[in-house]
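**Q** The structure's right below; bear with me while I get my questions together.
Numbering (my numbering), first residue to last: 128 to 253.
Set out below in structure tokens:
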């Protein structure tokens with residue numbers, strides 16, 4: 128069995144969608160080409176993932192001249208029943224914190240308190 132973080136691993140903890148979403152959170156102005164290089168997926172695959180994320184409401188795309196800028200919806204809920212009621216914002220803030228906050232990514236301080244990451248959305252409303 129390989130050690131965590133070693134290069135001989137055959138799988139990753141996040142899916143391609145998760146990797147792309149984290150990279151967009153780190154760098155909302157990134158080009159698809161740049162994202163594909165970081166997440167190690169083809170540009171065409173990243174384009175399909177971005178379309179999926181937009182259709183599901185996780186991101187919006189806005190044109191700024193010839194560039195596209197992405198906006199994350201931190202209130203989007205995880206899709207898997209095991210994370211029912213949990214919002215993606217705190218997760219993205221945690222994973223994008225190592226990114227360049229000057230690039231306009233989600234900063235941990237910009238997301239609601241950590242309790243929103245562990246208390247399902249429905250329980251906070253009560």
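All C-beta atoms, glycine included, are put in the ideal place defined by N, C-alpha and C.
Counting only runs that start and end within the segment 162-198, where is the alpha helix (DSSP H) found for 4 or more residues in a row?
**A** 170-182
**Q** Return the first residue and the last residue of the alpha helix (DSSP H) that residue 217 is part of.
**A** Here the question's residue 217 lines up with position 90 in the chain shown. Where residue 217 is concerned, the enclosing alpha helix (DSSP H) stretches over 215-223.
**Q** Assuming residue 212 and residue 200 make a contact with CB atoms under 8 Å, what is their CB distance in whole Å?
**A** Working through the chain shown from its first residue, we reach residue 212 at position 85. Working through the chain shown from its first residue, we reach residue 200 at position 73. The Cβ separation is near 16 Å, so there is no contact.
**Q** If contact is defined by three or more beta carbon pairs under 8 Å, each pair taking one atom from either stretch, is the segment 139-152 in contact with the segment 162-180?
**A** yes
**Q** Do you know offhand how far residue 159's Cα is from residue 138's?
**A** To locate residue 159, count along the chain shown from 1; it is residue 32. To locate residue 138, count along the chain shown from 1; it is residue 11. C-alpha separation (whole angstroms): 23 Å.
**Q** Expressed to the nearest angstrom, what Euclidean distance is found between the alpha-carbon atoms of residue 234 and residue 222?
**A** Residue 234 sits at position 107 when you count from the first residue of the chain shown. Residue 222 sits at position 95 when you count from the first residue of the chain shown. Residue placement at residue 234 cannot be trusted, given a pLDDT of 48 that sits under 50; the coordinates are not used to answer.
**Q** May I have the straight-line CA-CA distance separating residue 198 from residue 188, to the nearest angstrom?
**A** For the purposes of this step, residue 198 is taken as the residue at position 71 of the chain shown. For the purposes of this step, residue 188 is taken as the residue at position 61 of the chain shown. Going from the Cα of residue 198 to the Cα of residue 188 covers about 7 Å.
**Q** To the nearest angstrom, report how far apart residue 186 and residue 177 are at their CA atoms.
**A** On the chain shown, position 59 is the one that residue 186 refers to. On the chain shown, position 50 is the one that residue 177 refers to. Each residue's alpha carbon lies about 8 Å from the other.
**Q** From residue 150 to residue 161, what does the alpha carbon distance come to, in whole angstroms?
**A** Start at 1 with the first residue of the chain shown, and residue 150 comes out as number 23. Start at 1 with the first residue of the chain shown, and residue 161 comes out as number 34. Answer to the nearest angstrom: the Cα atoms are 9 Å apart.
**Q** Specify the secondary structure class of residue 204 as computed by DSSP and reduced to three states.
**A** By 1-based counting over the chain shown, the position of residue 204 is 77. Of the three classes helix, strand and coil, the one that applies to residue 204 here is strand, per DSSP.
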